[in-house]
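Listed in order, the protein sequences are those of chains A and B. Under our numbering, residues 537 to 658 are what the first sequence spells out, in order. Under our numbering, residues -8 to 98 are what the second sequence spells out, in order. Think of the CB as a built atom: it goes at the ideal place given N, C-alpha and C, for glycine as much as any other residue. From a predicted model like this one, the values you see are computed outputs, not experimental measurements.
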Amino acid sequence: QLQLVESGGDVVQPGRSLRLSCVGSGITFRSSVMNWVRQAPGKGLEWVAGISIDGGNKYYADFVRGRFIISRDNSKDTLYLEMNSLRVEETAVYYCARNRPGYTYGGPFDYWGQGTLVTVSS
Amino acid sequence: EIVMTQSPATLSVSPGERATLSCRASQNVNTNVAWYQQKPGQVPRLLIYGASTWATGIPARFSGSGSGTDFTLTISSLQSEDFAIYYCQQYSKWPLTFGGGTKVEIK
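As structure tokens, this is what we get:
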């Protein structure tokens, strides 16, 4: 069964940090470009960050650059998102998503996790 | 950043009718466009990529077209399970971007 499972979502105060994880199983995690996408309550999808297969190239949306860090540990089939200086408006479900195989740059997302909820509130 | 603009925001359609959803990119993205379907409480599902290629298991009533800056998702005969929100996405350039979505509702 192909699966992505996120964890780490929590309630945090504005300005604090949080780290999300996403474990892949049954998929070619180690040979896939991976991404984080978020969705605020009742809103649309926002791509947050992406990382190359070997982790050497990282890409960010303008609104998180300098505050969020995407990383991966292929030995553990795990993707991470370190989120710093969190803002109230970043309350959202955070999904990890896999590039369809063959897309080693930007690509369509063929597998998504179920998401983990991050709530930023004082 | 490439802005993806979807129209209309809401589309009211009767079951069995055809639905046409539009997506416009603020600059040329060639055919690097995907379409996703999202139902309430569910994860987005990839429908179309490469502007017109079906993802695995997607029914033929869904079709995509376009290149450059103008793209269309057509649902030829709406089924009850097709009422959902549809998003386009460009993956031509970083940062990747999504459109704001089109909600297809029952008329």
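Chain B contact residues for residue i, given Cβ-Cβ distances below 7 Å
i         : result
Phe565(A) : The premise fails here: Phe565(A) is roughly 17 Å from chain B at the closest Cβ pair, so nothing lies under 7 Å.
Leu581(A) : Pro35, Tyr78 and Phe89
Gln650(A) : Val34
Arg636(A) : Tyr40
Asp646(A) : Leu37 and Ala46
Any chain B beta carbon closer than 8 Å to residue i
i         : result
Gly642(A) : yes
Tyr630(A) : no
Gly586(A) : yes
Asp598(A) : yes
Contacts of residue i in chain B (Cβ-Cβ under 8 Å)
i         : result
Ala576(A) : Simply none; closest approach about 12 Å.
7 Å Cβ cut-off: residues of chain A touching residue i
i        : result
Gly55(B) : The premise fails here: Gly55(B) is roughly 11 Å from chain A at the closest Cβ pair, so nothing lies under 7 Å.
Ala25(B) : Pro644
Partners in chain B for residue i, counting only beta-carbon separations shorter than 9 Å
i         : result
Tyr595(A) : Trp85, Pro86 and Leu87
Proximity of residue i and residue j at Cβ, strictly below 8 Å
i         : j          : result
Asp613(A) : Val559(A)  : yes
Ile76(B)  : Gly55(B)   : no
Leu622(A) : Leu554(A)  : yes
Ala0(B)   : Thr93(B)   : yes
Ser17(B)  : Gln(-3)(B) : no
Leu617(A) : Tyr630(A)  : yes
Val547(A) : Thr655(A)  : yes
Tyr78(B)  : Gly580(A)  : yes
Asn610(A) : Arg566(A)  : yes
Ala576(A) : Ala628(A)  : yes
Buried/exposed call for residue i, threshold 16 Cβ in 10 Å
i         : result
Leu69(B)  : buried
Leu653(A) : exposed
Glu582(A) : buried
Gln28(B)  : buried
Pro31(B)  : exposed
Val624(A) : exposed
Ile97(B)  : exposed
Pro80(B)  : According to the sequence provided, residue 80(B) is Gln. The question's Pro does not apply to it. When all chains shown are included, Gln80(B) counts as buried.
Leu528(A) : With chain A covering 537 to 658 only, the question about residue 528(A) has no answer from this structure.
8 Å Cβ cutoff, residue i in contact with chain A
i          : result
Gly59(B)   : no
Glu96(B)   : no
Thr72(B)   : Per the sequence shown, the amino acid found at residue 72(B) is Glu instead of Thr. It does not: the Cβ of Glu72(B) has no partner Cβ on chain A nearer than 8 Å.
Glu(-8)(B) : yes
Contact list for residue i against chain A, beta-carbon separation under 8 Å
i        : result
Gly92(B) : Gly580 and Leu581
**Asked** Touch check for the stretch 60 to 68 of chain B and the stretch 569 to 586 of chain A: three-plus C-beta pairs under 8 Å?
**Response** no
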